[in-house]
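For reference, the structure discussed in these notes is given below.
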Amino acid sequence: MVQAYILIQTEVGKASIVAEAIGKLQGVIQAEDVTGPYDVIVRAQADTVDALGRLVVAKVQQVEGITRTLTCPVVHL
Numbered sequence: 012m013v014q015a016y017i018l019i020q021t022e023v024g025k026a027s028i029v030a031e032a033i034g035k036l037q038g039v040i041q042a043e044d045v046t047g048p049y050d051v052i053v054r055a056q057a058d059t060v061d062a063l064g065r066l067v068v069a070k071v072q073q074v075e076g077i078t079r080t081l082t083c084p085v086v087h088l
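Going by my numbering, the letters in the sequence shown line up with residues 12 to 88, in that order.
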């Protein structure tokens, strides 16, 4: 299982709508509105790195109101 944090910037005033929509996607563990340089932080999981990439590109980035994403895979050192 691969997990990652997805840091999301949204259009002004769209953070809560984006977080709610992303929170309903399969593979998303949690989606929260935050303050700072990013508007939403998501924790997601998938079986493989490729599946995680497909989740981000095919599902998360398609949510209306998103302007930019940064995916940070979780590592176990």
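Note that beta-carbon positions come from the ideal geometry of N, C-alpha and C, so glycine has one too.
Secondary structure of residue i, DSSP reduced to three states
i, result
"E31", "helix"
"Q72", "helix"
"D50", "coil"
"L18", "strand"
"D44", "strand"
"L36", "coil"
"V86", "coil"
"V60", "helix"
Environment of residue i [buried if 16+ CB atoms lie within 10 Å]
i, result
"T21", "buried"
"V45", "exposed"
"V23", "exposed"
"G88", "With the sequence shown as reference, residue 88 is identified as Leu, and Gly is not the correct amino acid for it. Exposed, because fewer than 16 other Cβ atoms sit within 10 Å of the Cβ of L88."
Cβ separation of residue i and residue j, assumed to be a contact under 8 angstroms, to the nearest whole Å
i, j, result
"T80", "V60", "No, T80 and V60 are not in contact; Cβ-Cβ is about 16 angstroms, not under 8 angstroms."
"A55", "V39", "5 angstroms"
Residue i vs residue j beta-carbon contact at 8 angstroms
i, j, result
"V29", "I17", "no"
"V85", "Q14", "yes"
"I77", "V53", "no"
"V51", "A57", "no"
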